[in-house]
Amino acid sequence: MTTTAGDHRYLQVARALRKEIVDGVYPVGSQLPTEHELCERFAVSRYAIREALRRLRDDNLIASKPRAGTLVVPRPSTNSYAQDVMSIDDLLAFAQGARFAIESNAMITVGETLADRTDLRVGTEWLAVSGFRRVDDATAPICRTEYFINRSFAAVGRLLQRHSGPIFPLIEDLFGVSVVEVHQEISAVVLTAELAQRLDSEPGAAALQLQRTYTTSDGEIAQVTVNTHPSSRFRHAMTMRRVRDSL
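Just so you know, we're using my numbering here: the sequence shown kicks off at 223 and counts up by one.
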């Protein structure tokens, strides 16, 4: 199935509105602009606006009510963080949903232990960025996030303290490359005592580790990301559709 420019536009609108809701531009209980106003603001069709709003409704960020318009609603209380990713564009939207607090940001040389965890080559240099993702300050972290960024793109590190979203779009913008493939592996791990304490979980508890490898159109690995989630706080949803051969 081909992807049109219109498809990308509604995802861009959804990301922009999602960020504004999370940042408090539209607080809980406030009304979003009308579809007509959003069409004019983003210079897109009504179809694109409706698709963007549908995404936000699916994320439980907004609700449409008769005679009240589209309202920002409180997210339901839950101990799990659901991810429904079908494309790289969806991955962008997912990463906008939780704030990343950086604790370390430094160049490292890959040793054998890290190479075993990430498949990075021993002796190579990468920018290592580590921290924790949170929905808000009142709840336990969603996960620990570790970024390993190709040395060729390490200059992006100076922008990260002021950046709240995913990193790979910054790499694309700064260096003029395109990430065309994201390979994901999910594995079961056990939390160490130190990591369990930071995640407000039990030592030895089960966790899910998601490793993503981002590859550019030149076949170069731009970034490897490792997210470690306590198993009780993460649910990965994937939708598969049958592709019919054309006659």
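Backbone N, C-alpha and C define an ideal beta-carbon position, used for all residues, glycine too.
In whole angstroms, what is the alpha-carbon distance linking R356 and I243? Within the sequence shown, the letter at position 134 stands for residue 356. Within the sequence shown, the letter at position 21 stands for residue 243. If you take the alpha carbons of R356 and I243, they lie about 16 Å apart.
Flag this pair as yes or no: are the beta carbons of S180 and V399 separated by less than 8 Å? Outside the displayed span of the chain (223 to 469) sits residue 180, for which this structure offers no information.
Mind checking who S374 pairs with in its DSSP beta bridge? Mapped onto the sequence shown, residue 374 falls at position 152. In the DSSP output, where bridge partners are listed per residue, S374 has none listed.
Taking the alpha helix (DSSP H) that Y269 belongs to, which residues open and close that run? Numbered from 1 along the sequence shown, position 47 holds the residue referred to as residue 269. Per DSSP, Y269 belongs to the alpha helix (DSSP H) from 268–280.
In terms of residues, what are the limits of the alpha helix (DSSP H) holding L336? The sequence position of residue 336 within the sequence shown is 114, counting from 1. Per DSSP, L336 belongs to the alpha helix (DSSP H) from 334–340.
Once DSSP output is grouped into helix, strand and coil, what is the label at V446? Working through the sequence shown from its first residue, we reach residue 446 at position 224. In the three-state DSSP reduction, V446 falls in the strand class (E or B).
Proximity below 8 Å, CB of L275 to CB of A285: Walking along the sequence shown from the start, residue 275 turns up at place 53. Walking along the sequence shown from the start, residue 285 turns up at place 63. The answer is no: Cβ separation not under 8 Å.
Straight-line CA distance for N301 to T361? In the sequence shown, counting from the first residue as 1, residue 301 sits at position 79. In the sequence shown, counting from the first residue as 1, residue 361 sits at position 139. With a pLDDT of 45 at N301, under the threshold of 50, the predicted position of this residue should be treated as unreliable, and no value is reported.
Anyone know if the C-beta pair for L413 and G426 falls short of 8 Å? The sequence position of residue 413 within the sequence shown is 191, counting from 1. The sequence position of residue 426 within the sequence shown is 204, counting from 1. Contact flag set, yes.
Can the beta-carbon of I371 be found less than 8 Å from the beta-carbon of Q445? Taking the first residue of the sequence shown as 1, we reach residue 371 at position 149. Taking the first residue of the sequence shown as 1, we reach residue 445 at position 223. Their beta carbons are under 8 Å apart, which means I371 touches Q445 by this criterion.
Does the region 381–389 touch the region 402–413, meaning 3 or more C-beta pairs lie closer than 8 Å? no
Taking the alpha helix (DSSP H) that Q419 falls in, what are its first and last residues? Residue mapping note: residue 419 aligns to position 197 of the sequence shown, counting from 1. Per DSSP, Q419 belongs to the alpha helix (DSSP H) from 415–420.
Among Y369, D281, P288, which residue has its Cα nearest to the Cα of A323? Locating residue 323 in the sequence shown gives position 101, counting from the first residue. Taking only the C-alpha atoms, the option nearest A323 is Y369.
Candidates Q419, R457, D422: closest to I408 by CA position: Taking the sequence shown and counting its residues from 1, one reaches residue 408 at position 186. When Q419, R457, D422 are compared, the shortest CA-CA separation from I408 is found for R457.
Look at V351 and L342 and say whether their C-beta atoms are less than 8 Å apart. On the sequence shown, residue 351 is found 129 positions in, with the first residue counted as 1. On the sequence shown, residue 342 is found 120 positions in, with the first residue counted as 1. No. Outside cutoff.
Residue range of the unbroken alpha helix (DSSP H) whose run includes H385: As a first step, residue 385 must be located in the sequence shown, where it is residue number 163. First-last for H385: undefined, no H or E at that position.
How about A236 and R277: do their beta carbons lie closer than 8 Å? As a first step, residue 236 is located in the sequence shown; it is residue number 14 there, counting from the start. As a first step, residue 277 is located in the sequence shown; it is residue number 55 there, counting from the start. Contact: yes.
For Y436, count the other beta carbons within 10 Å of its own beta carbon; 16 or more makes it buried, fewer makes it exposed. Which is it? In the sequence shown, counting from the first residue as 1, residue 436 sits at position 214. It counts as buried.
Enumerate in chain order the residues of its own chain whose CB-to-CB distance from F397 is below 7 Å, with the five nearest sequence positions on each side excluded. By 1-based counting over the sequence shown, the position of residue 397 is 175. Excluding sequence neighbours, F397 sits near F375.
For D422, I'd like the list of residues in its chain whose CB is within less than 6 Å of its CB, leaving aside the five on either flank, ordered along the chain. Taking the first residue of the sequence shown as position 1, residue 422 is located at position 200. So the list reads A362, once near-sequence residues are dropped.
Output the distance between the C-alpha atoms of Y232 and E334, rounded to the nearest integer angstrom. Counting from one through the sequence shown, the residue named residue 232 turns up at place 10. Counting from one through the sequence shown, the residue named residue 334 turns up at place 112. Taking the straight line from one Cα to the other gives about 43 Å.
What does the alpha-carbon distance come out to for the pair A290 and S453? Translated into positions along the sequence shown, residue 290 becomes position 68. Translated into positions along the sequence shown, residue 453 becomes position 231. So the two alpha carbons sit approximately 39 Å from each other.
What would DSSP say about V235, mapped onto helix, strand or coil? Translated into positions along the sequence shown, residue 235 becomes position 13. Residue state for V235 is assigned as helix, using DSSP reduced to three classes.
Checking 8 Å against the spacing of the C-beta atoms, do E257 and R268 come in under that value? Your numbering for residue 257 matches position 35 in the sequence shown. Your numbering for residue 268 matches position 46 in the sequence shown. Yes, these two residues count as a Cβ contact at 8 Å.
Please list the terminal residues of the continuous alpha helix (DSSP H) segment that includes L260. Residue numbering aside, residue 260 sits at position 38 when the sequence shown is read from its first letter. Taken as a continuous stretch (DSSP letters only), the alpha helix (DSSP H) holding L260 covers 257–264.
Which class does R472 belong to by DSSP, given the choice of helix, strand or coil? Beyond the ends of the chain as shown, which are 223 and 469, falls residue 472; an answer cannot be given.
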